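Engineer:
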Amino acid sequence: MCNVSQLKTLVINGHQFQFYRFVTTFIIFSIVIEIFLGIILLFLGKDDLTDIYEQKRLDKLNNVAVFLAFIIVIFNVFVAAFGLMAA
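Those letters in the sequence shown? Residues 54 to 140, per the working numbering, in order.
What follows is the structure in structure tokens.
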């Protein structure tokens, strides 16, 4: 929700913000990756972890989910660093 409100503020302030393209790009990438992460977490939640044959696939999905969460954090740190205070 925070990314959406930041994107709304960025759209309202327009191109007068110095880092408009940079912050807009990072916010949009963050939202897209959050959607992918949500889909992966849905798959992880519905599958049975006790099934030995599924454990390797679920372990890989879990690693991808952790990596995507890390990337989202990095993107959000850059958005916060170049934040909308100057706008």
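Just so it is clear, CB atoms sit at the ideal spot from N, CA and C, and this is done for glycine as well. Since we're looking at a predicted model, the values are computed, not measured.
Taking the continuous alpha helix (DSSP H) assigned at residue 77, which residues delimit it?
Structural biologist: From DSSP, the alpha helix (DSSP H) with residue 77 extends over 73-99.
Engineer: Do you know how far the Cα of residue 87 is from the Cα of residue 108?
Structural biologist: So the alpha carbons of these two residues sit roughly 24 Å apart.
Engineer: Return the CA-CA distance between residue 90 and residue 112, expressed in angstroms with no decimal places.
Structural biologist: Roughly 15 Å between the two C-alpha positions.
Engineer: Among the candidates 98, 106 and 72, whose CA atom is the shortest distance from the CA of residue 115?
Structural biologist: Of 98, 106 and 72, the residue nearest in Cα terms is 98.
Engineer: Along the chain, where does the alpha helix (DSSP H) containing residue 108 start, and where does it finish?
Structural biologist: Taken as a continuous stretch (DSSP letters only), the alpha helix (DSSP H) holding residue 108 covers 105-134.
Engineer: Just to check my reading of the structure: residue 83 and residue 56 have Cβ atoms closer than 8 Å, yes? What is that Cβ distance to the nearest angstrom?
Structural biologist: The pair is a contact, with the Cβ atoms about 5 Å apart (cut-off 8 Å).
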